[in-house]
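Shown next, in structure tokens, is the structure this report addresses.
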Amino acid sequence: MPKPVVAIVGKPNVGKSALFNRLVGRRVSIVDETPGVTRDRVMAEVDLLGRKVILFDTGGIDPTLEDELMARVVDQVKIAIDEADVIVFMVDGREEPTVTDLEIAEMLRKSGKPIIFVANKIDEPSTPMAEFWELRLGAPLPISALHGRNVDKLKAAIVDELPPPTPDEFLPTEWEDAIKVAIVGRPNVGKSSLLNAILGEERVIVSPIPGTTRDAIDTPFEWQGRKFILIDTAGIRRKSQIRAPLEYYAMVRAFGAIDRSDVVVLVIDGVEGVTRQDARIGGYAHEQGKPTVIVVSKWDLVRGKLEEEAVSPSQLKRREKLLQSDFANFLKQELWFLHYAPVLYTSAVERWNIEAILERAVYCYEQSRKRITTGVLNRSLRQIVGEHPPPSDGKRQLKIYYATQPEVAPPTFVLFVNDPDLVEDSYLRFLEKRLRALFQWDGTPFRWIVRSSHERKGEDES
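Be aware that the sequence shown starts at 66, since it is given in the working numbering, and climbs by one per residue.
As structure tokens, this is what we get:
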């Protein structure tokens, strides 16, 4: 099931970003300093009183652009109305309502979506609120995003308005164990062509069923005895009345598809290369622990340029091999956090390497559900640590006593050590690299949890 979407809307400088950061806090599921994801994003997964939601901030509007300001505010609100399950409408509680506030309030009232009306920057309970009745949204909840006042009440109000967590009612029982594959990427990278190429092969295609994300179609089909469900975001188009960037609009859909998937196919334009939005989408898949296949599309266009320059078939083959090697190195630099993801070069037009996408998807799915026994894991770690002991801070030496793998999808490892503060990220990356090499374990992210050995003693005694 996709996570519910909560949008924060309002005019500039009312404190939307401050509330976003307050709600995100330390509960965001970010495990790496992924470029373009943790610094620049306007979306995050947040735990609100036990409910996980996708929170997005409709900020980023430049108030100095007076001529475009109102139009851009309206665009952002339209996106929120279209995408969100719950909308938090924020005003500046220290100022009287403005024309912009009135326009937004009118749009929200017509939407039919649950609206939580908040007045920010209110540190004193005695601050008058009567003028906000003009917006016809009832009395606002007075909060201070900066100081945290009434933020817990806001969380409770949001949770009360969320749709109930229900199982996917649209999926037939016989398809519950199918591998759910999300084909994601920025607009115009060739997702639609790849999808058609996959389904255009000899498959047993079942009639499409409505997906649980808006405007998405889930297509069940069989291939080599395996059941798949393709989560299609290829048909996303910006609605005519929304002038905001298509990339922003499509990002919400991509995140929803990733949430529901077992495997992510990240499509990169082979002609244009990697962009910041590619990194954001790939980073989100990594954060969510999804096994990922990187598919470089439109390789026929790249090869066409090489054919114009090559003088013989053998020279063409050599140049193409060198170019693929250079492109792979470029991917390692720009998408370094997806170091475990296999890379495929494809052409939907020529139907070249299409079967390999499904082969790699199955492989990554199985790798994400791989498990090794506690005994084998600990013997392997003792060997690795014995050959390369962890660095010392000069006073205390890190000691790794024990390890377990309690979960799969993604594989999750718990290390019990003498002092978790002594564990450096670089040493965890080293352990991961060695474990991957020992067990030929790629295609999926790993998760690491470090605990004090005292915690294990407590667990054993309870």
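Cβ coordinates follow ideal geometry from the N, Cα and C atoms, glycine included.
List the DSSP bridge partners of K117.
In the sequence shown, residue 117 corresponds to position 52, counting from 1. D112.
To the nearest angstrom, how far is the alpha carbon of V271 from that of N443?
Indexing the sequence shown from 1 puts residue 271 at position 206. Indexing the sequence shown from 1 puts residue 443 at position 378. Legend: pLDDT at V271 = 47, less than 50; position of this residue unreliable, value from coordinates given subsequently. Rounded to whole angstroms, V271 to N443 spans 46 Å at the Cα level.
Run through the segment 450 to 525 for me and flag every whole beta strand (DSSP E) of 3 or more residues, listed as ranges in chain order.
465 to 472, 477 to 482, 512 to 517
Alpha carbon to alpha carbon, how far is P205 from R436? Give it in angstroms, no decimals.
Here residue 436 corresponds to residue number 371 of the sequence shown, with the count starting at 1. Here residue 205 corresponds to residue number 140 of the sequence shown, with the count starting at 1. Rounded to the nearest angstrom, the gap between the Cα atoms of R436 and P205 is 51 Å.
Measuring alpha carbon to alpha carbon, tell me which residue in F293, H351, R251, T192 is nearest G335.
On the sequence shown, residue 335 is found 270 positions in, with the first residue counted as 1. Among F293, H351, R251, T192, the Cα nearest to that of G335 belongs to R251.
With C-beta atoms as the reference, is R512 less than 8 Å away from G354?
Against the sequence shown, residue 512 aligns to sequence position 447. Against the sequence shown, residue 354 aligns to sequence position 289. Yes, these two residues count as a Cβ contact at 8 Å.
Hey, which unbroken runs of the alpha helix (DSSP H) at 4 residues or more fall wholly within the segment 190 to 268?
Annotation note: the segment 190 to 268 contains the following uninterrupted alpha helix (DSSP H) runs of length 4 or greater, listed N- to C-terminal: 216 to 226, 256 to 265.
On the DSSP bridge assignment, give the partners of N185 in chain order.
Walking along the sequence shown from the start, residue 185 turns up at place 120. DSSP, once it has assigned bridges, lists D157 as partnering N185.
Own chain residues within Cβ distance below 7 Å of L493, not counting five before or after:
For the purposes of this step, residue 493 is identified with residue 428 of the sequence shown, where counting begins at 1. If we look at L493 and ignore the five residues flanking it on each side, its Cβ neighbours are W513.
Please confirm whether I346 and V249 have their CB atoms less than 8 Å apart.
On the sequence shown, residue 346 is found 281 positions in, with the first residue counted as 1. On the sequence shown, residue 249 is found 184 positions in, with the first residue counted as 1. V249 is positioned such that its CB atom lies closer than 8 Å to that of I346.
Thinking C-beta only, is E373 closer than 8 Å to L381?
For the purposes of this step, residue 381 is identified with residue 316 of the sequence shown, where counting begins at 1. For the purposes of this step, residue 373 is identified with residue 308 of the sequence shown, where counting begins at 1. No, these two residues do not count as a Cβ contact at 8 Å.
For the segment 346 to 370, list the alpha helix (DSSP H) runs that are entirely contained and at least 4 residues long, ordered along the chain.
Restricted to the segment 346 to 370, not a single alpha helix (DSSP H) segment is unbroken, complete and at least 4 residues in length.
Is DSSP giving R416 helix, strand or coil here?
Here residue 416 refers to the residue found at position 351 when the sequence shown is read from its first residue. It is coil, neither helix nor strand.
Would you please state the rounded distance, in angstroms, between the beta carbons of K363 and G255? I believe it to be under 8 Å.
Mapped onto the sequence shown, residue 363 falls at position 298. Mapped onto the sequence shown, residue 255 falls at position 190. At roughly 6 Å, the Cβ-Cβ gap stays under 8 Å, so K363 and G255 are in contact.
Report the rounded CA-to-CA distance for G321 versus G459, giving the unit in angstroms.
Working through the sequence shown from its first residue, we reach residue 321 at position 256. Working through the sequence shown from its first residue, we reach residue 459 at position 394. Cα to Cα, the separation comes out at about 47 Å.
Hey, quick one: how far does the alpha helix (DSSP H) through D391 stretch, first residue to last?
Within the sequence shown, numbered from 1, the residue matching residue 391 stands at position 326. Element bounds for D391: 378 to 399.
What does a CB cutoff of less than 7 Å around R425 pick up in its chain, not counting 5 residues either side in sequence?
For this step, residue 425 is matched to residue 360 along the sequence shown. Taken in chain order, the residues that qualify are V358, P407, L409.
Assign V332 to one of three DSSP states: helix, strand, or coil.
Locating residue 332 in the sequence shown gives position 267, where the first residue counts as 1. Correct three-state label for V332: strand.
CA-to-CA distance, R461 to R516, given in whole angstroms:
One-based indexing of the sequence shown puts residue 516 at position 451. One-based indexing of the sequence shown puts residue 461 at position 396. One C-alpha to the other measures close to 17 Å.
Helix or strand or just coil, what does DSSP make of L123?
For the purposes of this step, residue 123 is taken as the residue at position 58 of the sequence shown. Here the sequence assigns Thr to residue 123, which means Leu is not the residue at that position. Here T123 sits in coil by DSSP.
Nearest to D242 by CA position, among V151, V367, D327, L173, is which residue?
Along the sequence shown, one-based indexing puts residue 242 at 177. Residue D327 is the option with its Cα nearest to D242.
Pick from I263, E352, F478: whose alpha carbon is nearest that of V360?
The residue labelled residue 360 in the question sits at position 295 within the sequence shown. Taking only the C-alpha atoms, the option nearest V360 is I263.
Alpha carbons only, please: which of L403, I333, L295, G369 is nearest the one belonging to V427?
Taking the sequence shown and counting its residues from 1, the one referred to as residue 427 is at position 362. Minimum Cα distance to V427 is reached at L295.
Assuming the contact rule is C-beta atoms closer than 8 Å, K186 and R159 should be a hit. Round their C-beta distance to whole Å, please.
What you label residue 186 is simply residue 121 of the sequence shown in a count that begins at 1. What you label residue 159 is simply residue 94 of the sequence shown in a count that begins at 1. Between R159 and K186 the Cβ distance is about 5 Å, and since that is below 8 Å, they are a contact.
Can you say whether M528 is buried or exposed, counting buried as having 16 or more other CB atoms within 10 angstroms of its CB?
The displayed coordinates of the chain run from 66 to 527. Any statement about residue 528 would go beyond what the structure contains.
Roughly how many angstroms lie between the CA atoms of D297 and F286, to the nearest whole one?
On the sequence shown, position 232 is the one that residue 297 refers to. On the sequence shown, position 221 is the one that residue 286 refers to. Using only the alpha carbons, I get a separation of about 13 Å.
Under 8 Å between the Cβ atoms of A421 and V330?
What you label residue 421 is simply residue 356 of the sequence shown in a count that begins at 1. What you label residue 330 is simply residue 265 of the sequence shown in a count that begins at 1. It is not a contact, given that the beta carbons lie outside the stated cut-off.
Can you tell me whether V164 is buried or exposed? The criterion is at least 16 other CB atoms within 10 Å of its CB, across all chains shown.
Locating residue 164 in the sequence shown gives position 99, counting from the first residue. So V164 ends up on the exposed side.
Buried or exposed, going by whether 16 or more other CB atoms sit within 10 Å of the CB of Y430?
Here residue 430 is taken as the residue at index 365 of the sequence shown, counted from 1. Y430 should be labelled buried.
Within 10 Å of its beta-carbon, does V70 have 16 or more other beta-carbons around it, so buried, or fewer, so exposed?
Here residue 70 refers to the residue found at position 5 when the sequence shown is read from its first residue. The Cβ neighbour count for V70, taken over all protein chains shown within 10 Å, is at least 16; the residue is labelled buried.
Option in P378, S258, S491, E226 with minimal Cα separation from R416
By one-based count along the sequence shown, residue 416 stands at place 351. Checked all of P378, S258, S491, E226; the closest Cα to R416 is S258.
Same chain, Cβ closer than 8 Å to R214, neighbours up to 5 away in sequence not counted
On the sequence shown, position 149 is the one that residue 214 refers to. Excluding residues within five positions, the ones whose Cβ falls inside 8 Å are I187, D188, P207, I208.
Assign R297 to one of three DSSP states: helix, strand, or coil.
The residue labelled residue 297 in the question sits at position 232 within the sequence shown. In the sequence under discussion, the amino acid at residue 297 is Asp, which differs from the Arg named in the question. Three-state result, D297: strand.
Just verifying my parser: in three-state terms, what is the DSSP assignment at Y430?
If you number the sequence shown from 1, residue 430 lands on position 365. If DSSP states are grouped into helix, strand and coil, Y430 belongs with the helices.
Close-in-space but distant-in-sequence residues of the same chain around T439 (CB under 6 Å, 5 per side omitted):
Looking up residue 439 in the sequence shown gives position 374. Contacts found: T469.
Assuming D484 and S412 form a contact by the criterion Cβ under 8 Å, report the distance between their Cβ atoms to the nearest whole angstrom.
Within the sequence shown, the letter at position 419 stands for residue 484. Within the sequence shown, the letter at position 347 stands for residue 412. That belief does not hold up - the Cβ atoms of D484 and S412 are roughly 53 Å apart, past 8 Å.
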